[in-house]
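Notes to accompany the following structure.
Number of protein chains: 2
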Amino acid sequence: MLPRVLTTVTEIRAALLPFRRAGKRIGLVPTMGALHEGHLSLVRASKAECDLTVVWIYVNPSQFGPHEDLANYPRTLQADLEKLATCDTEFVMAPSEAEVYRPGHATWVEVSAIAEPLEGRCRPGHFRGVATIVLKLLNMIQPDIAYFGQKDYQQAAVIRRMVADLDVPVEIRVCPIIREPDGLAMSSRNVYLSADARQRATVLWHSLELARQLVAGGERDAAAIAQEMTQRILAVGATIDYVALVDPDSLAAVTQITGPTLAVLAVKIDGTRLIDNTILKRS
Amino acid sequence: MLPRVLTTVTEIRAALLPFRRAGKRIGLVPTMGALHEGHLSLVRASKAECDLTVVWIYVNPSQFGPHEDLANYPRTLQADLEKLATCDTEFVMAPSEAEVYRPGHATWVEVSAIAEPLEGRCRPGHFRGVATIVLKLLNMIQPDIAYFGQKDYQQAAVIRRMVADLDVPVEIRVCPIIREPDGLAMSSRNVYLSADARQRATVLWHSLELARQLVAGGERDAAAIAQEMTQRILAVGATIDYVALVDPDSLAAVTQITGPTLAVLAVKIDGTRLIDNTILKRS
């Protein structure tokens with residue numbers, strides 16, 4: 021059965037109130053639509069531990085930079101609803117822009133430190149937009165648990181920080197990256213790729229695998245590993261926003277792989293910007 | 021009976037949960053302690069329309085500037101509790117600084133526009149601290165209604181803006197200024213005043229009354245009114261941070277008193293900074 025689609029804050033709050041009063045656990049999966057198996061894995065995680073699940077679908081303009089792909093971002097609501105029906109999703113909240121950002125909107129949530137490197141450096145204002153919209157939707161829906169994907173590793177870290185710092189009464193779950201059979205991380209932006217670019221895009225995964233093999237083989241020098249990853253990526257004609265080995269908690273750069281280490285990268289293939297990451301060392 | 025005093029987020033949430041589950045209305049009165057009749061009027065307003073009332077007592081360091089009175093701000097918890105007992109306050113939340121700002125705190129709420137003139141200009145960072153702590157305590161306590169005083173007019177406007185912009189599920193009430201018999205607005209900072217300064221401090225009220233008389237007498241020129249107020253204030257040896265006639269909604273300066281107008285001022289008497297305001301024209 022298709023989920024029930026609501027478009028206003030008043031409607032969704034009214035729809036959820038009886039469940040909340042009855043002490044039901046509400047799970048929230050925030051998305052920008054164009055749903056794929058990665059999103060559906062979050063929905064299934066929510067279904068497994070909550071009594072009902074709300075999927076938020078909204079292409080949030082404030083997290084796009086002026087030269088980014090806001091206008092072209094895929095919008096596929098009907099197909100999204102059909103996919104969600106296969107997971108027995110109860111509610112979809114799909115607000116209009118006018119419902120989300122009302123006239124005179126003047127409040128922004130700023131996260132420093134963990135939001136500053138990597139995506140924060142490449143996409144100025146991005147995490148301000150992300151933190152603000154996520155806080156808004158947490159307030160609109162008041163879920164018990166909200167689900168995010170590890171593919172957007174830094175985003176999940178920024179949201180965890182914000183939720184802790186602002187005492188937001190919600191648990192945050194971060195679920196594993198879902199990949200295509202050839203290793204490409206699922207992303208709504210993969211539809212931008214031509215057949216040729218789609219094939220070359222596996223270089224993100226291959227470079228992460230290479231890093232893992234180097235570490236397994238005893239390499240401990242972060243710069244040497246990043247250098248090998250970089251060469252592999254450049255070899256397919258991709259351009260690099262960053263390739264970094266960082267502490268998984270602080271996102272500070274590591275120089276020697278002696279403790280927990282995350283490999284994280286952002287790459288452009290024929291103008292399509294893709295990100296990926298993997299834990300190289302857990303402890 | 022003295023209110024029940026809680027000091028951690030875990031405790032206050034556990035204490036409130038049964039009431040929330042039972043659909044009881046929870047009222048919150050945020051304060052920095054050093055309670056006076058102004059605060060107690062907020063408690064009484066909460067008692068009148070809610071099933072239980074929580075008074076928040078915490079001197080929030082992030083809303084004080086580096087040269088302001090954080091260290092000297094009066095802290096009178098035992099006396100506060102006794103005053104709250106006279107109003108049958110159920111709960112006091114009095115957290116430690118370590119409970120409120122945890123290590124690595126990196127998230128701040130920034131309100132532009134309405135937070136920029138007046139207090140925003142005189143106290144850089146003040147409203148960032150206010151917005152952040154108020155959002156935190158709203159999240160900690162999740163009241164149905166929160167009560168603020170009109171004495172901090174711009175603060176209440178900033179909080180209304182933030183609550184609307186971030187979809188915080190709370191109603192905001194703003195209650196009238198409570199004054200001493202001679203017109204001085206009640207303030208925790210009035211204790212700083214010497215007997216002589218205390219007497220001269222009535223100039224804030226007298227200058228607002230003067231403005232009201234001028235408007236009643238037909239004066240419509242905002243600059244002329246501000247000029248008369250300024251002379252009155254300077255005549256008692258006070259210094260002026262601002263004397264302004266503004267739109268009560270936008271806080272934009274008005275030049276002619278033709279629509280709704282707020283008179284608002286910040287004055288220092290022997291180094292003690294006091295604020296006050298009054299609506300000069302309602303419509």
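Protein sequences, first through last, are from chains A and B.
Each residue of the first sequence is one higher than the last, beginning at 21 in the working numbering.
Each residue of the second sequence is one higher than the last, beginning at 21 in the working numbering.
In this text, a Cβ means the ideal position worked out from N, Cα and C, and glycines have one as well.
- Flagged as an interface residue toward chain A: B/Thr127, by a C-beta distance shorter than 7 Å.
- B/Ser66 and B/Pro50 have their C-alpha atoms spaced approximately 11 Å apart.
- In this structure, the beta-carbon distance from A/Leu224 to A/Val266 does not fall below 7 Å.
- Between the alpha carbons of B/Met113 and B/Arg33 lies a distance of about 10 Å.
- Nearest to B/Ala91 by alpha-carbon distance, out of B/Met52, B/Thr106, B/Val74, B/Arg122, is B/Met52.
- Among the residues facing chain A, B/Arg181 is included, as its CB has a counterpart in that chain under 7 Å away.
- By the neighbour-count criterion, in which a residue is buried when 16 or more other Cβ atoms sit within 10 angstroms of its Cβ, B/Lys44 is exposed.
- Here A/Asp164 carries a coil assignment [DSSP, helix/strand/coil].
- As for any alpha helix (DSSP H) of minimum length 4 sitting wholly inside the segment 217-296 of chain B, the runs are 223-236, 242-254, ordered along the chain.
- If you draw a straight line from the Cα of A/Leu204 to the Cα of A/Asn297, it comes to about 11 Å.
- By the neighbour-count criterion, in which 16 or more other beta carbons inside 10 Å mark a residue as buried, B/Met160 falls on the buried side.
- In the structure shown, A/Lys171 falls within a helical segment according to DSSP collapsed to helix, strand and coil.
- For A/Ile46, the enclosing beta strand (DSSP E) begins and ends at 46-51.
- Where B/Val194 is concerned, the enclosing beta strand (DSSP E) starts and stops at 191-195.
- For B/Gly43, the chain A residues whose C-beta falls within less than 9 Å of its own C-beta are Arg41, listed in chain order.
- Annotation: Cβ neighbours of B/Ile134 in chain A (cutoff 8 Å, chain order): Ala126.
- In the DSSP assignment, B/Leu26 falls outside any alpha helix (DSSP H) and within the unbroken beta strand (DSSP E) covering 24-26.
- In the displayed model, B/Arg181 falls within a helix according to three-state DSSP.
- At least one CB atom of chain B sits nearer than 7 Å to the CB of A/Asn159.
- The alpha-carbon of A/Ile260 is positioned some 15 Å away from that of A/His226.
- In this chain, the alpha helix (DSSP H) harbouring B/Thr30 covers 29-41.
- Judged by pairs of C-beta atoms under 8 Å, the segment 277-286 of chain A does not touch the segment 119-138 of chain B, as fewer than three such pairs exist.
- B/Leu186 reaches chain A at Thr127, Leu155, Lys156, Asn159, counting residues in chain order whose Cβ is nearer than 7 Å.
- C-alpha of A/Gly169 to C-alpha of B/Val263: approximately 52 Å in a straight line.
- When CB distances to chain A are screened at a threshold of 7 Å, not a single residue of the segment 216-243 of chain B falls below it.
- The C-beta separation of A/Val79 from A/Val63 comes to about 18 Å, leaving the pair out of contact by the 8 Å criterion.
- Nearest neighbour of B/Leu104 by Cα position, chosen from B/Ile197, B/Thr96, B/Leu22, B/Pro81, turns out to be B/Leu22.
- Contact between the segment 143-151 of chain B and the segment 187-197 of chain B is not established, with fewer than three Cβ pairs separated by less than 8 Å.
- Contact check for B/Thr109 against B/Tyr212 fails: the beta carbons are separated by 7 Å or more.
- For A/Val188, the secondary structure class from DSSP, reduced to helix, strand or coil, is coil.
- Taking every protein chain shown into account, the CB of A/Ala243 has fewer than 16 other CB atoms within 10 angstroms, so this residue is exposed.
- Taken in chain order, the whole alpha helix (DSSP H) runs of length 4 or more contained in the segment 41-122 of chain B are 57-69, 97-105, 117-120.
- A/Glu139 carries a helical assignment under DSSP once its states are collapsed to helix, strand and coil.
- Distance check between B/Met206 and each of B/Glu57, B/Thr30, B/Ala35, B/Gly47 places B/Glu57 closest, using alpha-carbon atoms only.
- Contacts with chain A at 7 Å (Cβ-Cβ) do not include B/Glu31.
- The beta carbon of A/Glu130 falls within 7 Å of a beta carbon belonging to chain B, placing the residue at that interface.
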